[in-house]
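According to full-length UniProt numbering, the sequence shown is numbered sequentially starting from 1. Presented below is the structure to which this report refers.
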Amino acid sequence: MSEDCNKMSKFDHWIKDEYKSEEFKSVIEDQIEKRTKKGSIFDSLGSFGGSAKLQDIEALVATRLREYHEDKTGKMDYALSSNGGSILEHRCTASKADNSRYWKILGLTVMHFQNHPSRAIEDNTGPGNCWAFDGARGHLTIKLAKPVMVTSITVEHIPANLSPTGSISAPRAFTVSAMNNENDLVGHELGQWEYNMNDHPIQSFNIMRKMHFPSGIIDFRFDSNWGGSYTCIYRVRVHGDPFD
């Protein structure tokens with residue numbers, strides 16, 4: 001019993017240290033509730049009991065923690081280039097250009113030839129590693145790894161405290177649509193949202209309009225930003241249920 005109590009104490013401290021994201025907490029709770037039917041683990045850690053064993057809970061949470069740290073959401077990203085996603089460049093807004101070989105975004109030097117829409121679907125989101133376009137309005141069109149019934153999307157940007165200037169040219173209002181094919185000009189609007197630069201740098205949004213068909217092409221239309229003459233898109237994610 002004392003050994004289990006000691007394990008529980010260490011596990012409790014680990015939980016408190018690791019889980020800062022309310023979104024991640026809900027992901028873990030959902031999975032544990034399905035397995036144990038005991039309600040919220042975060043409400044019951046102090047009085048652990050029932051038929052589920054501590055080792056089972058530890059293993060499950062460790063799995064979810066690994067998934068979270070791998071991509072910060074615990075959800076499959078069908079837009080990610082390493083998963084098979086790609087950019088339909090002919091449908092995207094022109095990238096920000098400069099006459100010099102090197103140019104800067106908020107004080108961070110970026111090589112000119114690296115500024116490409118594909119940077120918005122890569123997992124390297126270090127400061128300066130974004131896709132930039134002039135102005136506040138632009139399009140980013142993605143061919144997903146496979147057609148899915150989209151359930152949510154995620155937008156990521158660096159926090160202001162990681163910017164050398166203390167300011168970020170993050171997107172603000174944006175609209176996402178699912179396309180039938182590459183030539184579809186309108187598509188099925190999934191929703192309109194606003195990225196909050198003062199909130200968590202990784203923000204997920206559930207779709208507002210249910211899909212009735214699987215789509216392999218998703219268009220992000222950025223309508224405004226949080227200031228500046230250009231907009232930086234660090235990473236977008238598309239989550240959903242695969243259609244077989």
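By construction, the Cβ of each residue, glycine as well, lies at the ideal position given by its N, Cα and C atoms. Predicted model, so just to flag it, every value in this text is computed and none were measured.
Indicate whether residue i and residue j have their beta-carbon atoms separated by less than 7 angstroms.
i: ALA59; j: ARG237; result: no
i: LEU140; j: GLY85; result: no
i: SER152; j: SER204; result: yes
i: ALA136; j: ILE233; result: no
i: THR231; j: THR154; result: no
i: MET197; j: ALA173; result: no
i: THR93; j: GLY128; result: no
i: GLU156; j: ARG235; result: yes
i: MET149; j: ASP241; result: yes
i: SER95; j: ASN115; result: yes
Quick check on residue i: buried or exposed, where buried means 16 or more other Cβ atoms within 10 Å of its Cβ?
i: LEU185; result: exposed
i: SER229; result: exposed
i: LYS75; result: buried
i: LYS210; result: exposed
i: MET208; result: exposed
i: ASP77; result: buried
i: GLY216; result: buried
i: ILE41; result: Because ILE41 carries a pLDDT of 48, less than 50, the predicted location of this residue cannot be relied on, and the following value inherits that uncertainty. Counting Cβ neighbours within 10 Å, ILE41 comes out buried, since at least 16 surround it.
i: HIS239; result: buried
i: ASN225; result: buried
i: ARG35; result: Caution is warranted here: a pLDDT of 48 is assigned to ARG35, below 50, making its placement in the model unreliable, and no coordinate value can be reported.
i: ALA132; result: buried
From which residue to which residue does the beta strand (DSSP E) around residue i run?
i: TRP193; result: 188-194
i: ASN206; result: 202-206
i: LYS143; result: 138-156
i: PRO242; result: 235-242
i: PHE174; result: 173-179
i: GLY216; result: 215-222
i: TRP131; result: 131-134
Assuming residue i and residue j make a contact with CB atoms under 8 angstroms, what is their CB distance in whole Å?
i: VAL176; j: PHE243; result: Incorrect: roughly 18 angstroms between the Cβ atoms, too far for contact.
i: MET179; j: GLY191; result: Rounded, the Cβ-Cβ distance is 15 angstroms, inconsistent with contact.
i: ILE168; j: ILE87; result: The Cβ separation is near 23 angstroms, so there is no contact.
i: PRO147; j: PRO214; result: 4 angstroms
Looking at chain D, is there any beta carbon in it that lies within less than 7 angstroms of the beta carbon of residue i?
i: SER204; result: As a matter of chain content, chain D is missing from the structure shown, which is built from one protein chain.
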